[in-house]
Amino acid sequence: VRDVFQQIDRVVFTAAEELKRRQERYRPYKHLLTSHKKSRVEKWKGSMPSVTAIHQRIEDISARLDELLSRVTDQQIGFFTLRTNLLVHGIRSHAE
10 VRDVFQQIDR VVFTAAEELK RRQERYRPYK HLLTSHKKSR VEKWKGSMPS VTAIHQRIED
70 ISARLDELLS RVTDQQIGFF TLRTNLLVHG IRSHAE
């Protein structure tokens, strides 16, 4: 019985030593394993909108533009285009 307990004790001691060695070996990388901290990449990505958010924003703007164009007549668009062209022409003539 004593021999069995000694074997169990050795196995447990060896496992504890191995665990301690592994913890020391991977200590420099511990920050990569903690889930509550954000990595530099996550912090960098967090400040930028995701691709889906950008896509959703484009769809929202497109929907509003379609709604606006459905309410605006061709004549109003023509006058707006004419005013824009006159403005651009005026700016170009002053720049020369």
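Residue numbering for the sequence shown is 10 to 105, as defined by the numbering used here.
For glycine and all other residues, C-beta sits at the position ideal for the given N, C-alpha and C.
Item to check | Val81, DSSP secondary structure in three states | outcome: Looking at Val81 - three-state DSSP - the assignment turns out to be coil, as it is neither helix nor strand.
Next on the checklist: Is there a Cβ of chain B sitting closer than 8 Å to that of Val81, yes or no?
Outcome noted: Looking for chain B here will not work: only one protein chain is present.
Item to check | Extent of the continuous alpha helix (DSSP H) run through Arg36 | outcome: Careful: Arg36 lies outside any alpha helix (DSSP H) and carries neither H nor E.
Checklist entry - In whole angstroms, what separates the C-alpha of Ile67 from that of Ser79? => result Near 18 Å, if we compare the C-alpha coordinates of Ser79 and Ile67.
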